[in-house]
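This report concerns only the one structure given below.
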Amino acid sequence: MPEKSVAIIIPAYNEELTICQVMRDFHAVMPQAQIIVVNNNSSDKTDELARRTLQEGMPGRVIVERRQGKAAAVRRAFAEVEADVYVMVDADCTYPAADLPALLKPVMDDEADIVVGNRHADGAYSKENKRMFHDWGNNLVLRLINRLFDGNLKDILSGYRVMNRKFVKNYPIMSRGFGIETEMSIHMLDKGFRVVELPTRYKDRPEGSFSKLNTIRDGIMILRLIFDIFVYFRPTIFFSLAALVMMLAGLAAGIVPVVEFYSASYITHLPLAVLAVGCVLTSLLCCFTGIILAGQARMQRFAYEHSLLQYDGE
Numbered sequence: 005m006p007e008k009s010v011a012i013i014i015p016a017y018n019e020e021l022t023i024c025q026v027m028r029d030f031h032a033v034m035p036q037a038q039i040i041v042v043n044n045n046s047s048d049k050t051d052e053l054a055r056r057t058l059q060e061g062m063p064g065r066v067i068v069e070r071r072q073g074k075a076a077a078v079r080r081a082f083a084e085v086e087a088d089v090y091v092m093v094d095a096d097c098t099y100p101a102a103d104l105p106a107l108l109k110p111v112m113d114d115e116a117d118i119v120v121g122n123r124h125a126d127g128a129y130s131k132e133n134k135r136m137f138h139d140w141g142n143n144l145v146l147r148l149i150n151r152l153f154d155g156n157l158k159d160i161l162s163g164y165r166v167m168n169r170k171f172v173k174n175y176p177i178m179s180r181g182f183g184i185e186t187e188m189s190i191h192m193l194d195k196g197f198r199v200v201e202l203p204t205r206y207k208d209r210p211e212g213s214f215s216k217l218n219t220i221r222d223g224i225m226i227l228r229l230i231f232d233i234f235v236y237f238r239p240t241i242f243f244s245l246a247a248l249v250m251m252l253a254g255l256a257a258g259i260v261p262v263v264e265f266y267s268a269s270y271i272t273h274l275p276l277a278v279l280a281v282g283c284v285l286t287s288l289l290c291c292f293t294g295i296i297l298a299g300q301a302r303m304q305r306f307a308y309e310h311s312l313l314q315y316d317g318e
């Protein structure tokens, strides 16, 4: 069997302090792999330094992606780069290249479609990460995804992942920015891909390098993500709860007009009667919407599974 080709995808936005070190570290561990740096509209010397580092004898290239956001950078790389195995890693020196052989093995041996580097295995992430609210939000989303998709993941936001060609070429990236890790985790669970989590070490960014994360913005993103998970992946749960809430509100608002009508044969609390009818109708609408969207979600999964059966690796 011929040796499988490997592409190491490194999305980079203003990472001039670390990009060269990341490239050299991964090239040293796997010299035959393509080093693909995706310059995501950087305003510093990231592009120049990456191109200069490639001239040291590394196979690979620099791709320029003007659409801002990590998801756009990864989408561009997945579409343009051809390989048997893809490695996705951040450009900030937080993930060690030395762990790559262990992460590669399950995919190389065809025992997994995707391997995720688990930063929480030895507690290193909790010690290195200085953003308390990020931990809280990440754990909330992690528990929700595991419950809804019957998963047992420990780290859904890891940026260190190894994927086979089948997964990469059949993964429609819809998210923007750093939501790609969560979207990828949902996709691999919802579509039944073989997933393995292996421990990886983690260290905080070096001094002088700044994170692109923002507590308030990312908090809003997490709330929106939770909403999207229910609406697009588990519409029955979301719209059933919405229908129940609106039905209870309609019953509560309708008590007074109904009692009044049966006791006096007229209604003086007309606004309450209108509100009650509106809530009940909204409840029925939510119920039927949930049924329709659940059917569409099932058909979408069926169509995806059918497309995988026809996938020949090209």
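Read in order, the letters of the sequence shown correspond to residues 5 to 318 in the working numbering. Note that the Cβ used here is the ideal one computed from N, Cα and C, for glycine as well. Because the structure is a prediction, the values reported are computed rather than measured.
Residues in the same chain with beta-carbon distance under 6 Å from residue i, minus the five sequence neighbours each way, listed in chain order, please.
i, result
"V41", "I14, A16, A54 and V66"
"Q38", "A11, P63 and G64"
"G258", "A280"
"I177", "A75 and R79"
"M92", "I13 and R165"
"S9", "A87 and D88"
"N45", "R70 and Q72"
"L297", "P239"
"S311", "none"
Taking 8 Å as the threshold (C-beta atoms), are residue j and residue i in contact?
i, j, result
"A32", "A106", "no"
"R165", "I230", "no"
"M34", "L148", "no"
"E7", "D48", "no"
"M2", "Y99", "Any answer about residue 2 is impossible in this case: the structure gives the chain only from 5 up to 318."
"A77", "E69", "yes"
"P110", "V26", "no"
"A256", "C291", "no"
"L157", "L144", "no"
Go through its chain and collect everything with a Cβ distance to residue i's Cβ below 8 Å, but skip five positions before and after it.
i, result
"D126", "P203 and R205"
"M5", "At M5 the pLDDT is 44, less than 50, meaning the model places this residue with poor confidence; the figure from the coordinates comes in the next sentence. Counting only Cβ-Cβ distances below 8 Å, and skipping sequence neighbours, we find nothing."
"Y270", "E264"
"A268", "none"
"R305", "D194 and K195"
Sort the options by Cα distance to residue i and report the nearest one.
i, options, result
"D159", "M178, G121 and E187", "G121"
"M251", "G61, S287 and V26", "S287"
"E84", "R305, K173 and S179", "K173"
"L313", "L227, K195, I295 and T293", "K195"
"N150", "R238, G73, M92 and V68", "R238"
"L58", "K207, A87, R79 and F30", "F30"
"Y175", "R56, P275, L248 and R79", "R79"
"Y308", "L289, F171 and L245", "F171"
"T240", "N156, A301, A268 and M192", "A301"
"V235", "S267, T293 and K207", "T293"
"R123", "D114, D316, M112 and D208", "D208"
"Q245", "S311, S267, M112 and L289", "One detail in the question is off: residue 245 reads as Leu in this sequence, not Gln. Ranking S311, S267, M112 and L289 by Cα distance to L245 puts L289 first."
"L227", "W140, Y266 and M303", "W140"
Where does residue i fall in DSSP's three states?
i, result
"V20", "Note that residue 20 is Glu in the sequence shown here, rather than Val. Correct three-state label for E20: coil."
"Y315", "coil"
"M112", "helix"
"G73", "coil"
"N150", "helix"
"M5", "For M5, the predicted structure reports a pLDDT of 44, less than 50, and the residue's modelled location is therefore unreliable. A value from the coordinates is still provided. If DSSP states are grouped into helix, strand and coil, M5 belongs with coil."
"Q300", "helix"
"P100", "coil"
"I226", "helix"
"I160", "coil"
"E86", "coil"
"P203", "strand"
"N143", "helix"
"V93", "coil"
"R305", "helix"
For residue i, which residues from the same chain have a beta carbon less than 7 Å from its beta carbon, with the 5 sequence-adjacent residues on both sides left out?
i, result
"H273", "V260, P261 and E264"
"N142", "L161"
"T50", "A16, N18, E19, E20, I23 and N43"
"D232", "none"
"A81", "I13, I40, V42 and I67"
"D316", "none"
How many whole angstroms separate the CB atoms of residue i and residue j, which I take to be in contact at a CB cut-off of 8 Å?
i, j, result
"V278", "G254", "The pair is not a contact, with the Cβ atoms about 11 Å apart (cut-off 8 Å)."
"G163", "E187", "Not confirmed; about 13 Å, so no contact."
"R169", "A116", "Not confirmed; about 13 Å, so no contact."
"F153", "I190", "7 Å"
"G183", "M225", "6 Å"
"G155", "L193", "5 Å"
For residue i, would you say it is in contact with chain B, using Cβ-to-Cβ distances shorter than 8 Å as the test?
i, result
"T50", "The chain labelled as chain B is not found in the depicted structure, where only one protein chain is given."
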